[in-house]
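Novice: What follows is a single structure, and I will ask about it in a moment.
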């Protein structure tokens, strides 16, 4: 692969993610996927569904509350009968619904969530058709203008408006015969973004996701707990308190080829395998570990680092 300076100049534009498709074509990274990414088999269930259904594009989605300011995955039906599974940005969905027979717009259904799921920007692509399409479109995605307003009055902009493109619009380049689908996953297993700073979190309506550093970290722990339960581990329910002072066990596994068998943990245990141990013998952990473990401590905003302030707490190793 040639150097960055020889191939392209990257601009600091965190909204223009559609330009990544052009960069992938420019660098021929689509061929590198075949060689360098075997370890990163994320979300195996979704990959299995994508393979079984022979999807050219399969977008991962999760349930969401109505009015959340994030893109939605939808199936659009045109007047001539054509259909398209595509992302619709949050500022376009409300007027679209009201104009097509839904006078209340985006509202929660009887289960407490919007019937239109949240697109989390994790597309699973069929590689051969993706490479073919990249070459055909020369890495170019349709551009658009997406103004972001400060409030519902739409009298002032939150940020400067510019021409941009999105990777979510890639399916628009495909033919009608392409198989484009979406799959809805359990939110805690697939989506825990850190999007809001502490000041913005305070403005989030009650009942809506905070998407903060703290809520994202806790979501990861809950997901790990669910997976451990499904693997047969006895994991008790969390205690809802300001800080959880009783269910204090912490298990950290670093590296490959670590097997847990009949482990009783009361406290903290960190297991590390040697670097490059993918082909090494499996290390089996058996027995009882008891210590004082880790505790969560509140932070003093005037004394701690910015990372700790954003996180909302710090972890102290007691023993």
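In our numbering, the protein residues as written are 50 to 368. Beta carbons are placed, not taken as given, at the ideal position from N, Cα and C, and that holds for glycine.
(1) Whose CA, out of 206, 279 and 212, lies closest to the CA of residue 192?
(2) Taking the CB atoms as reference points, tell me whether residue 136 and residue 168 lie closer together than 8 angstroms.
(3) Would you tell me roughly how many angstroms separate the C-alpha atoms of residue 60 and residue 216, rounded to the nearest one?
(4) From what residue to what residue does the beta strand (DSSP E) around residue 341 run?
(5) Is the beta carbon of residue 182 closer than 8 angstroms to that of residue 225?
(6) What three-state label does DSSP hand residue 279 in the structure shown?
(7) Do residue 106 and residue 198 have their C-beta atoms within less than 8 angstroms of each other?
(8) Let's test the definition: count the other Cβ atoms within 10 Å of the Cβ of residue 356 and tell me whether it reaches 16, buried, or not, exposed.
(9) Skipping 5 residues on each side, what residues in its chain have a beta carbon closer than 7 angstroms to that of residue 274?
(10) Is it buried or exposed for residue 110, if we count other Cβ within 10 angstroms and need 16 for buried?
(11) Could you spell out the range, first to last residue, of the beta strand (DSSP E) harbouring residue 246?
(12) Using the rule of at least 16 other Cβ atoms within 10 Å of the residue's Cβ for burial, across every protein chain shown, is residue 121 buried or exposed?
(13) Using three-state DSSP, classify residue 216 as helix, strand or coil.
(14) Using only the alpha-carbon positions, how far apart do residue 150 and residue 126 sit?
(15) Let me know the secondary structure DSSP gives residue 369 once reduced to three states.
(16) Once you ignore the five residues that flank residue 300 on each side, which residues in its own chain have a CB closer than 7 angstroms to its CB?
(17) What's the C-alpha gap between residue 165 and residue 101?
(18) Please identify the residue among 258, 99 and 114 whose C-alpha is closest to the C-alpha of residue 229.
(19) The alpha helix (DSSP H) spanning residue 236 covers which residue range?
(20) Can you check which of these residues, 170, 231, 195 and 113, is closest to residue 155 by C-alpha distance?
(21) Would you tell me roughly how many angstroms separate the C-alpha atoms of residue 368 and residue 333, rounded to the nearest one?
(22) Taking all protein chains shown into account, do 16 or more other C-beta atoms lie within 10 angstroms of the C-beta of residue 361, making it buried, or fewer, making it exposed?
(23) Could you tell me whether any non-hydrogen atom of the ligand MG is closer than 7 angstroms to the CB of residue 195?
(24) At the level of alpha carbons, what is the spacing between residue 93 and residue 205?
(25) Report buried or exposed for residue 194, applying the criterion of at least 16 other Cβ atoms within 10 angstroms of its Cβ.
(26) Could you have a look at residue 91 and say whether DSSP puts it in helix, strand or coil?
(27) Identify whether residue 129 lies in helix, strand or coil by the three-state DSSP scheme.
(28) Under the DSSP definition of a beta bridge, which residues are partnered with residue 121?
Specialist: Let's see:
(1) 212
(2) yes
(3) Note that residue 60 has pLDDT 45, beneath the 50 cutoff, so the model's placement of it is unreliable and the number below is only indicative. Rounded to whole angstroms, residue 60 to residue 216 spans 16 angstroms at the Cα level.
(4) Here residue 341 belongs to no beta strand (DSSP E), and DSSP marks it neither H nor E.
(5) no
(6) helix
(7) no
(8) exposed
(9) 284
(10) buried
(11) That residue, residue 246, is in no beta strand (DSSP E); it is neither H nor E in DSSP.
(12) buried
(13) helix
(14) 13 angstroms
(15) In the structure as shown, the chain starts at 50 and stops at 368, and residue 369 therefore has no counterpart that could be examined.
(16) 314 and 318
(17) 24 angstroms
(18) 99
(19) 236–239
(20) 113
(21) 23 angstroms
(22) buried
(23) Summarising the ligand content, the structure contains no ligands, and the ligand MG is consequently not present.
(24) 44 angstroms
(25) exposed
(26) Only weak support is given to the placement of residue 91: the predicted model assigns it a pLDDT of 43, under 50, and the value that follows is read from those uncertain coordinates. Reduced to three states, the DSSP call for residue 91 is coil.
(27) coil
(28) 137 and 167
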